[in-house]
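Worksheet: one structure, shown below.
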Amino acid sequence: MKKIIGHEAFLTFMFICSLFFRSQSQLNIDSLSHINYQALHGANLNDVWGYVDELGNEYAIVGTSKGTSIVNVTNPTSPVEVFWLPGSESIWRDPCVYGDYAFVTTEAEDGLTIIDMSPLPQSNVLSHTMYTGPIGNTWQSAHTCFVDASGYAYIFGANRGSGGVIMLDVHTDPMNPVEVGTFDNWYVHDGFARNDTLFAAHIYDGFFSIVDVSNKALPVLLGTRTTPGFFTHNLWPSANGQFVYTTDEISGAYIASYDITNPSQIVEVDKTRNSPGSGVIPHNVHVKGDYLVTSYYSDGIVIHDASHPNNLVKVGQYDTYPTQTPGFDGCWGVYPFLPSGTILAADITQGLFILGPTYEKASYLDGFVTDSQTGQPLSGVEVQLTGNDQVEITPVNGYYATGILGTGLYTVTFSKVGYYPKTESVDLIQGEVYTLPVQLDPIPPFPLNIEVYDVQTGAPISNAKIKLYHPLITHEGITNGIGQETFTLYYPYQYRIAVGKWGYKGACNYVNIDETTNTLTFNLEQGFYDDFEFDFGWTVTGNAETGSWVREKPFITSNTVIGVDADFDCGDVAYVTGNLDNVFNPDLDDVDNGFTQLLSPQFHVNGMTSPHINFALAYYCFYGPGQVDDTLTVFLSNGSQQIKIDQVIPPQQFMSWSYRSIPIPAGFTINNTLQLKIVASDYSPNVNVTEAMFDWFYVTDYDASGLEDYSKQFRCYPNPVEDILTIENLDSEFPIEILNTIGQKVWQGKVSDPVEQINCGLLQPGVYTLKNGSNLFKFMKL
């Protein structure tokens, strides 16, 4: 007992000190006390669970990086650590409880630690044991655990088999579990079980499953469903079992709700995220009555009113972490089920928070949006309620549902491309649903005809791809047999227009378009160019488990993938090896255990005397103590012969673009079936973080190297250029100048707009420098 009293004084002191340096965002949640585990045990926190003894005393079972802590929180303003069990160091330690026993998993090799808490509160001498599975079929580590009301423990992510679910009988003899079944179809990261139904989160496969485990030895799969971020971290069903709520553990992901009344046809009914646009990551969602209580990393904990599962509304928050980040910082675990209502929150670095919540109902707004002329429901309508940072989007039936914490007069705005926006006033009452039907008036459209011709022959180009970019909508089309395509537009604007076809050098221009424009004509020069604005049929093959080539706008990842495509081309798309949006986990979707190959369509170099293959590459390959032993290789094939023309040795540093201009080697047979192959691989035994990017492919009759000598202050494209050069982010204080290779000024103009276009058609072919103040850009005129 002396040990307990000593800790009480120490923890009270730490709590008082913490009040002086913490500044937290609060909504319907009050701080009652706080324990700094860095000061107490030099440890970070993992997950947290709760326990109530026979006398009604409440405890927090806290998983830390260095062991398991049990804290008496009966008086939530004066928490007392009553037990500490050291363990192998790990950033994962997850507790759960059945009866008087705590079960603790870790991804260190401590197996399942079982602690008998029945001596509490009279004694803090607690016996414990370690379970590692049956003889001949053991396991040493696991990610998480859950124990259902019937006394069956579910071990998730153990280092045995696929890392699925191991089911244990812990009600017969809690200190000596007996394995009674497994569900090992896929790796399971976390889960929940109730009434012989198992809910499993398959994080790396991107979906959850519902499993009948009434016969633990023969589980039956009832249904599966992907989640919005395809990185399903955890899930928790509603009390009535008709809905389930999920989280994806990636930057900017959602809490989603699903109707599971028919497990074979699971339907998503809503999704929401805290701090939209910040990239904050949700972690673990829990259902408490009509509310969701979620540990939300750097946003702390967040409470949503889930009275209407199709309309999740935020009604509470307590921010445990001092700053907001898109990474794995802040609140890891939360436990909201103590009889007193006290919430336990485990912040990785900031410690244990004991919190007092106030659960309030939201005010709700719903209705249908229709076309004022036809009466048909409108999908894709954005609905925003004043004071609510969530933007709801109507599905095909035109239904919307939103809400807010509060009572009174609010405005709600409805917006859809091709329709005039509408704002309405609504008088909302807490706990009640206000139904507002809305009709939107269509904007009168106007047509735009685009014609595409071959500049050499004057013939129309069929099947040319076209994109018109407006901030609200991207129009896409393909020319018909006479080289024409007609678009229906709604907004006068300076559109960015891209036109291209394999076998031609594409066009990329800014054009002011309104109702009087009628027709635009583009003349394309024959040649081979691809900035991946369009899909021209590059193919991907390989056997890598993850990280296959994809044509997308790159997402930045830690110090590996740079979040931009090559600097000179049109658009923002490139080929990248894996592209899941997850900033702080470079090993999530990189090339692993195999190779991925990108193969171009066929091309030729007919009529060229010094053909060069030009492209941009970026590569990263490095991790940990293992040898960096992989490369990025580029091959040229003619159908029967293949040669290596480029190879990138791992830079072991930050990724950056490298620009290549490679002559076709002498002795290589040139024909009309040339193809480029780009191969990235990562093989055992040294599995590295391996990422690659490829962009800006074109063929020239000269060496195009040196074009990467440019200023990052502004952006110019296309490069090389035939006629129109577009420049963005110019400095209006200085003129635009074009200099030749000996520094002579050959053209000068004024900056009148942040985006300017220069007609370079009269320039002689060669290399030039564009100058704007101190910013320089080297480009090539064809």
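Residue numbers for the sequence shown follow the working numbering, so the first one is 5 and each next one is one higher. Yeah, the Cβ is synthetic: ideal placement off N, Cα and C, and Gly gets one too.
Inter-residue spacing [alpha-carbon to alpha-carbon] between residue i and residue j
{"i": "V86", "j": "L130", "result": "10 Å"}
{"i": "I139", "j": "V595", "result": "37 Å"}
{"i": "Q498", "j": "E272", "result": "38 Å"}
{"i": "E537", "j": "G384", "result": "25 Å"}
{"i": "L36", "j": "T415", "result": "36 Å"}
{"i": "K775", "j": "L296", "result": "57 Å"}
{"i": "H308", "j": "K754", "result": "55 Å"}
{"i": "G770", "j": "G575", "result": "24 Å"}
{"i": "K420", "j": "P381", "result": "12 Å"}
{"i": "L444", "j": "P399", "result": "15 Å"}
{"i": "F372", "j": "V395", "result": "15 Å"}
{"i": "Y3", "j": "H479", "result": "What is shown of the chain runs 5 to 786, which leaves residue 3 out entirely."}
{"i": "N522", "j": "N516", "result": "12 Å"}
{"i": "L222", "j": "T176", "result": "20 Å"}
{"i": "L44", "j": "V52", "result": "17 Å"}
{"i": "G46", "j": "G67", "result": "13 Å"}
{"i": "L524", "j": "E455", "result": "6 Å"}
{"i": "A463", "j": "N527", "result": "10 Å"}
{"i": "D34", "j": "P80", "result": "11 Å"}
{"i": "V289", "j": "I259", "result": "8 Å"}
{"i": "C149", "j": "D351", "result": "19 Å"}
As assigned by DSSP and simplified to three states, the class of residue i
{"i": "Y687", "result": "coil"}
{"i": "Q42", "result": "helix"}
{"i": "Q388", "result": "strand"}
{"i": "T677", "result": "coil"}
{"i": "P667", "result": "strand"}
{"i": "W336", "result": "strand"}
{"i": "G810", "result": "Outside the displayed span of the chain (5 to 786) sits residue 810, for which this structure offers no information."}
{"i": "P267", "result": "coil"}
{"i": "Y424", "result": "coil"}
{"i": "V317", "result": "strand"}
{"i": "H616", "result": "strand"}
{"i": "F235", "result": "coil"}
{"i": "D51", "result": "strand"}
{"i": "K505", "result": "coil"}
{"i": "I9", "result": "Any reading at I9 is ruled out, since the residue's pLDDT is 32, under 50, leaving its predicted position unreliable."}
{"i": "N776", "result": "strand"}
{"i": "T417", "result": "strand"}
{"i": "A258", "result": "As written in the sequence, residue 258 is Tyr, which differs from the Ala given in the question. Correct three-state label for Y258: coil."}
{"i": "S299", "result": "strand"}
{"i": "G245", "result": "coil"}
{"i": "Y714", "result": "At Y714 the pLDDT is 44, less than 50, meaning the model places this residue with poor confidence and gives no usable figure here."}
{"i": "L786", "result": "coil"}
{"i": "A349", "result": "strand"}
Close Cβ partners of residue i (< 8 Å) along its chain, the five nearest in sequence each way excluded
{"i": "N189", "result": "S166, G168, S213, L225"}
{"i": "D650", "result": "L621, T637, V638, R664, I666"}
{"i": "A257", "result": "P232, G233, F235, T251, R277, I285, P286"}
{"i": "L476", "result": "V421, Y495"}
{"i": "Y262", "result": "R229, F247, V248, Y249, T250, I270, V271, E272, V273"}
Member of the options whose CA lies at the smallest distance from the CA of residue i
{"i": "K785", "options": "L743, K754, V759", "result": "L743"}
{"i": "M697", "options": "L202, G770, V577, F450", "result": "V577"}
{"i": "Y625", "options": "L680, G551, F619", "result": "It should be pointed out that residue 625 corresponds to Cys in this sequence rather than to Tyr. Nearest option by C-alpha distance: G551."}
{"i": "N618", "options": "Y706, S685, A548, Q646", "result": "Y706"}
{"i": "N642", "options": "L59, T478, L603, D104", "result": "L603"}
{"i": "F418", "options": "D757, A670, L239, A405", "result": "A405"}
{"i": "V703", "options": "T613, N733, T635", "result": "T613"}
{"i": "A684", "options": "Q377, P654, W700", "result": "P654"}
{"i": "Q434", "options": "G71, S367, K469, D375", "result": "S367"}
{"i": "D114", "options": "R97, G195, T324", "result": "R97"}
Other residues of its chain near residue i: CB distance less than 6 Å, five sequence neighbours each side excluded
{"i": "G777", "result": "D735, F738"}
{"i": "D209", "result": "W190"}
{"i": "Y714", "result": "Here the model assigns Y714 a pLDDT of 44, short of 50, so the residue's position is not dependable, and the following value carries that caveat. These residues qualify, in order along the chain: F781, K782."}
{"i": "G628", "result": "Only weak support is given to the placement of G628: the predicted model assigns it a pLDDT of 49, under 50, and the value that follows is read from those uncertain coordinates. There are no such residues."}
Contact belief for residue i with residue j at Cβ below 8 Å, rounded distance in angstroms
{"i": "F203", "j": "T230", "result": "Not quite, the Cβ-Cβ distance comes to about 15 Å (not below 8 Å), so this is no contact."}
{"i": "E62", "j": "S344", "result": "6 Å"}
{"i": "G161", "j": "H147", "result": "3 Å"}
{"i": "D699", "j": "Y508", "result": "Going by Cβ atoms, the distance from D699 to Y508 rounds to 18 Å, so no, they are not a contact pair."}
Residue i beta carbon near the ligand PLP (any heavy atom closer than 7 Å)
{"i": "Q768", "result": "Absent from the structure shown: the ligand PLP. Ligands present: none."}
Spatial neighbours of residue i in its chain, beta-carbon cut-off 7 Å, leaving aside the 5 residues before and after
{"i": "D518", "result": "P496"}
{"i": "T677", "result": "Q606, N642, G643"}
{"i": "T4", "result": "Look at the range of the chain in this structure, 5 to 786, and you will see that residue 4 is not part of it."}
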